[in-house]
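In our numbering, the protein residues as written are 49 to 170.
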């Protein structure tokens with residue numbers, strides 16, 4: 049890959065990760081999208097049929113962004129999920145195709161009777 053991020057910035061409310069590439073391409077990625085599309089095996093499984101639908105992440109926040117070598121970042125979310133390694137190509141893919149992926153996620157939640165809302169423990 050020849051186009052590296054020139055800036056990765058977390059918004060003050062911790063709900064949007066802004067990624068700008070050297071080419072000038074720029075994306076604002078919601079924490080919810082990043083969490084439910086985490087590249088981790090916990091979410092993606094070990095094959096296409098094993099992908100998990102992750103409900104209750106509408107208000108999820110990113111609490112930490114850590115570099116992984118020169119090729120990725122590890123995101124830690126406030127639900128303590130931290131096993132996804134987000135490579136530059138994957139961040140670009142989410143930026144370019146995030147709306148369609150998010151709509152597919154919302155449709156899948158509805159089909160499974162799940163919600164984007166967090167379940168509050170009493």
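C-beta: ideal position from N, C-alpha, C; glycine also.
query	result
Taking only the alpha-carbon atoms, compute the straight-line gap between residue 57 and residue 126 and give it to the nearest angstrom.	17 Å
How would you label residue 165, buried or exposed, when you count the other beta carbons within 10 angstroms and need 16 or more for buried?	exposed
On the three-state DSSP scale, how would you describe residue 108?	coil
Determine whether the beta carbon atoms of residue 109 and residue 140 lie at a separation below 8 Å.	no
Rounding to the nearest angstrom, what Cα-Cα distance links residue 82 and residue 128 in this structure?	14 Å
Per DSSP, which one or two residues make a beta bridge with residue 84?	According to DSSP, residue 84 bridges with nothing at all.
Is there contact here, the stretch 135-152 with the stretch 68-75, by at least three beta-carbon pairs under 8 Å?	yes
So what does DSSP say about residue 134, is it helix, strand or coil?	strand
Please return the same chain residues whose Cβ sits closer than 7 Å to the Cβ of residue 163, not counting the five positions on each side in sequence.	103, 104 and 157
Locate the beta strand (DSSP E) running through residue 55, then write down its first and last residues.	53-58
In the DSSP assignment, find the alpha helix (DSSP H) that holds residue 91 and state where it starts and stops.	89-92
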